[in-house]
Every structure is written in structure tokens, then in C-alpha cells.
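Engineer: Below is the structure I would like to discuss, written out as C-alpha cells.
Protein chains: 2
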Amino acid sequence: MENEFINKWKSQVKKGTLSFIVLNAISKKELYGYELIEIIKKTTAIEIAEGTLYPLMNRLKKEGLATSKWVEQESGIPRKYYVLTEEGKSTLQHMRNYWEELELSIKKITNHGI
Amino acid sequence: MENEFINKWKSQVKKGTLSFIVLNAISKKELYGYELIEIIKKTTAIEIAEGTLYPLMNRLKKEGLATSKWVEQESGIPRKYYVLTEEGKSTLQHMRNYWEELELSIKKITNHGI
DNA sequence: AAAGAATACATTGCTATACTATGTGCTATT
DNA sequence: AATAGCACATAGTATAGCAATGTATTCTTT
Numbered sequence: 789m790e791n792e793f794i795n796k797w798k799s800q801v802k803k804g805t806l807s808f809i810v811l812n813a814i815s816k817k818e819l820y821g822y823e824l825i826e827i828i829k830k831t832t833a834i835e836i837a838e839g840t841l842y843p844l845m846n847r848l849k850k851e852g853l854a855t856s857k858w859v860e861q862e863s864g865i866p867r868k869y870y871v872l873t874e875e876g877k878s879t880l881q882h883m884r885n886y887w888e889e890l891e892l893s894i895k896k897i898t899n900h901g902i
Numbered sequence: 789m790e791n792e793f794i795n796k797w798k799s800q801v802k803k804g805t806l807s808f809i810v811l812n813a814i815s816k817k818e819l820y821g822y823e824l825i826e827i828i829k830k831t832t833a834i835e836i837a838e839g840t841l842y843p844l845m846n847r848l849k850k851e852g853l854a855t856s857k858w859v860e861q862e863s864g865i866p867r868k869y870y871v872l873t874e875e876g877k878s879t880l881q882h883m884r885n886y887w888e889e890l891e892l893s894i895k896k897i898t899n900h901g902i
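First to last, the sequence lines map onto chains A and B.
Residue numbering for the first sequence follows the working numbering, starting at 789 and increasing by one per position.
Residue numbering for the second sequence follows the working numbering, starting at 789 and increasing by one per position.
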């Protein structure tokens with residue numbers, strides 16, 4: 789049985805991390821919601837609940853970082869694909885810079901002490 | 789003027805990150821609250837508000853990861869020093885492992901695509 | 001000596017976001 | 001016919017960072 793603190797902590801770490809991950813993901817290629825969950829789970833072992841992803845994508849749209857478009861399928865339910873806007877791209881760049889700094893900061897503290 | 793989204797995002801990234809940073813910091817050496825804020829700001833450029841740190845330290849104590857002790861000063865206000873417990877040490881190790889995985893996951897997505 | 005800055009603790013109220021639970025409707029499998 | 005999977009979505013709850021505010025002592029500046 790996992791420590792309860794650790795589980796809560798992991799959930800907290802995801803706050804902020806998830807939007808970063810999702811923006812990175814759709815920066816390579818248009819993806820739809822369900823696919824995002826699957827693909828992120830497969831490549832990173834990070835699980836995003838559906839109740840987390842859909843509100844998150846709507847926030848990104850509301851903030852002007854992404855747009856979406858419905859794409860009809862030959863068979864099956866239509867999919868909503870997400871596309872990064874120009875503002876989304878430049879914001880993502882800022883986020884990448886900050887993340888690199890953060891990584892370095894953490895490394896400093898974990899490896900060399902403070 | 790900085791993007792509003794970025795500022796909110798940075799604040800969200802701190803959720804979880806700060807407890808990790810603080811636990812790492814006191815794992816090297818006993819530190820008191822005000823000192824933690826100063827020292828983390830100096831070495832990592834991450835600013836922790838006082839209204840963030842003190843409740844955070846109390847949570848860590850409540851969870852059994854740290855203890856604290858008052859130390860009187862020859863001159864000046866007494867300081868509350870924080871010490872990592874055994875449980876805190878092992879929890880920190882789990883957190884370090886998870887953080888490494890997270891770093892790798894993010895690297896995968898930012899560098900090589902998904 | 002008085003005023004202000006710095007040290008050092010702490011709480012309250014606000015806000016943002018992840019998660020569980022739940023719901024809808026279509027398609028494929030058994 | 002029933003179940004699992006696909007694909008969207010919302011409501012309610014809990015957590016944690018932050019600004020604002022408060023208390024009290026000590027140091028620095030004028």
C-alpha cells in the first residue's frame with residue numbers, strides 16, 4: 789500500500805505539469821481528447837482522468853492557447869481535435885524555459901545541498 | 789508585463805514542488821522558516837511567500853515527515869528549526885524517484901515528440 | 001531618541017486545479 | 001442481449017499557493 793502523503797503529493801505535482809504536458813503534446817501534432825489521455829499514459833505513465841482533461845482543454849481554449857475543431861468519423865463518434873495557436877506556441881516556449889530553470893534548481897538542492 | 793496565464797501556471801507548478809524543495813533543504817541541515825525562504829530564494833530564484841511556508845511546514849509536521857524545535861537566540865526572536873524524521877527521509881526518497889521519472893517524461897515529450 | 005526596516009512567527013480568505021462520480025450516446029465484441 | 005470500449009462532458013470536493021494582515025523583537029538610520 790502506497791503512502792497517502794505521496795499520493796496526494798503526486799496529484800499536487802500534476803497541477804501545472806499537466807497543462808505543460810498537454811501543450812507540448814499538441815505542439816507536435818493535432819490530437820483529440822481521448823487520444824491525449826491514451827498517448828500520454830503510454831509514453832509517460834502519467835494518468836490523466838477524463839474529468840481533468842476536458843476542463844483543462846477548455847481552459848486552454850478560453851485562454852487563447854489552443855483552438856478545437858470537430859472531425860466527423862466514417863464510423864464512430866466525432867472527435868474534437870486541439871490545435872495550438874500562435875499565442876499558445878510562444879507561451880509554451882516560456883513554460884519550457886521556466887521548466888528548465890526549475891529542473892536545475894531542484895538538481896542543485898537534491899544533489900549538492902543548499 | 790508578464791502573461792497572466794504564465795503567472796498562474798508558475799503558481800500551480802509550485803503546488804507539490806515546494807514541499808519537495810523544502811524537504812530536500814532540511815534533509816541536509818536543520819533550518820528555520822525564515823531562513824528557508826531566504827536560502828531557497830537565493831539559490832533557486834524561487835520565491836516562497838510566508839503565508840505559503842508556515843502552513844506548509846505545519847502540514848509536514850502533521851504528516852509526521854518533520855518535527856520542529858524552538859531555539860532561543862542570544863539576541864533576537866527565537867527560531868523554530870525543522871528536522872526531518874525517518875518517515876520524512878524515506879518519503880523524500882520516493883519523491884526523488886518520482887521526480888526523476890517526471891523529468892524523463894517531460895523530456896520525452898518536449899524533445900522527441902509523442 | 002524616534003522612525004523605519006528587517007527578522008521571525010502565524011492566520012484568514014480567495015482562487016485555481018486535479019480527482020471522483022456520474023451522465024450521454026455510439027460501436028464492437030462476446 | 002449484454003458488456004466493454006470509445007469519446008465527449010459536468011458537478012462537487014479537497015488541496016495548496018498567495019495577498020493581506022497581525023504580533024513582537026531587534027537593528028539601522030536620521
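Glycine is no exception: its CB is placed at the ideal position from the N, C-alpha and C atoms.
All values derive from a computational prediction rather than experimental measurement.
Is it true that the stretch 872–887 of chain A meets the stretch 848–855 of chain A, where meeting means three or more beta-carbon pairs spaced less than 8 Å apart?
Structural biologist: Verdict: yes, contact present.
Engineer: Alpha carbon to alpha carbon, how far is A/E818 from A/I894? Give it in angstroms, no decimals.
Structural biologist: Rounded to the nearest angstrom, the two C-alpha atoms are 32 Å apart.
Engineer: Going along chain A in order, which residues have a C-beta closer than 8 Å to the C-beta of B/E891?
Structural biologist: Simply E891.
Engineer: Any C-beta of chain B within less than 9 Å: which residues of the stretch 831–845 of chain A qualify?
Structural biologist: Taking 9 Å as the Cβ-Cβ cut-off against chain B, the residues of the stretch 831–845 of chain A that qualify are T831, T832, A833, I834.
Engineer: Going along chain B in order, which residues have a C-beta closer than 8 Å to the C-beta of A/R884?
Structural biologist: Within 8 Å Cβ-Cβ: T898.
Engineer: When we look at the beta-carbon of A/W858 and count the other beta-carbons within 10 Å, is it buried (16 or more) or exposed?
Structural biologist: It counts as exposed.
Engineer: So, under 8 Å CB-CB, B/V810 and A/G804 are touching, yes? Tell me the CB distance rounded to an integer number of Å.
Structural biologist: With a Cβ gap of about 17 Å, B/V810 and A/G804 do not count as contacting.
Engineer: Rounded to the nearest angstrom, how far is the Cβ of B/R884 from that of A/T898, given a contact under 8 Å?
Structural biologist: Yes, B/R884 and A/T898 are in contact; Cβ-Cβ is about 6 Å, under 8 Å.
Engineer: Do we get a CB-CB distance below 8 Å when we pair B/E851 with the residues of chain A?
Structural biologist: Taking Cβ atoms only, chain A reaches closer than 8 Å to B/E851, which makes this a yes.
Engineer: Answer with yes or no whether the minimum CB distance from B/Q800 to chain A is below 8 Å.
Structural biologist: Yes - at least one Cβ of chain A is within 8 Å of the one on B/Q800.
Engineer: Closest Cβ-Cβ distance between A/S856 and chain B: below 8 Å?
Structural biologist: Chain B, which has no Cβ nearer than 8 Å to the Cβ of A/S856, makes this no.
Engineer: Anything in chain B within Cβ reach of A/S807, meaning under 7 Å, just list it in chain order.
Structural biologist: Under the 7 Å cutoff, chain B gives W797.
Engineer: Report all residues from its chain with a CB closer than 6 Å to the CB of B/M789; omit the five preceding and five following residues, and keep chain order.
Structural biologist: Bear in mind that the predicted position of B/M789 carries a pLDDT of just 48, short of 50, making it unreliable; the figure below should be weighed with that in mind. Result list for B/M789: empty, nothing under 6 Å.
Engineer: Tell me the start and end of each unbroken beta strand (DSSP E) in the stretch 831–857 of chain B that is at least 3 residues and wholly inside, in chain order.
Structural biologist: List check, beta strand (DSSP E) in window: nothing returned.
Engineer: Can you list, in chain order, the residues of its chain whose CB lies under 8 Å from that of B/K796, leaving out five sequence neighbours each side?
Structural biologist: Cβ neighbours of B/K796 beyond the five flanking positions: none.
Engineer: Determine whether the beta carbon atoms of A/G901 and B/K816 lie at a separation below 8 Å.
Structural biologist: Going by C-beta atoms, A/G901 is nearer than 8 Å to B/K816.
Engineer: So, with DSSP's three-state summary, where would you put B/K817?
Structural biologist: Coil.
Engineer: Quick one: using the 10 Å Cβ neighbour count with 16 as the cut-off for buried, is B/I836 buried or exposed?
Structural biologist: Looking at its Cβ environment, which holds 16 or more other Cβ atoms inside 10 Å, B/I836 is buried.
Engineer: Quick one: Cα of A/E862 to Cα of A/Y820, how far?
Structural biologist: A/E862 and A/Y820: Cα-Cα distance of roughly 16 Å.
Engineer: Work out the CA separation of A/I834 and A/K896 for me, nearest whole Å.
Structural biologist: Roughly 25 Å between the two C-alpha positions.
Engineer: Just how far apart, CA to CA, sit B/N812 and A/T831?
Structural biologist: So the two alpha carbons sit approximately 28 Å from each other.
Engineer: So the candidates are A/E889, A/L824, A/L844, A/G839; which of them puts its Cα closest to the Cα of A/R943?
Structural biologist: Outside the displayed range of chain A (789 to 902) lies residue 943 of chain A, so it cannot be described from this structure.
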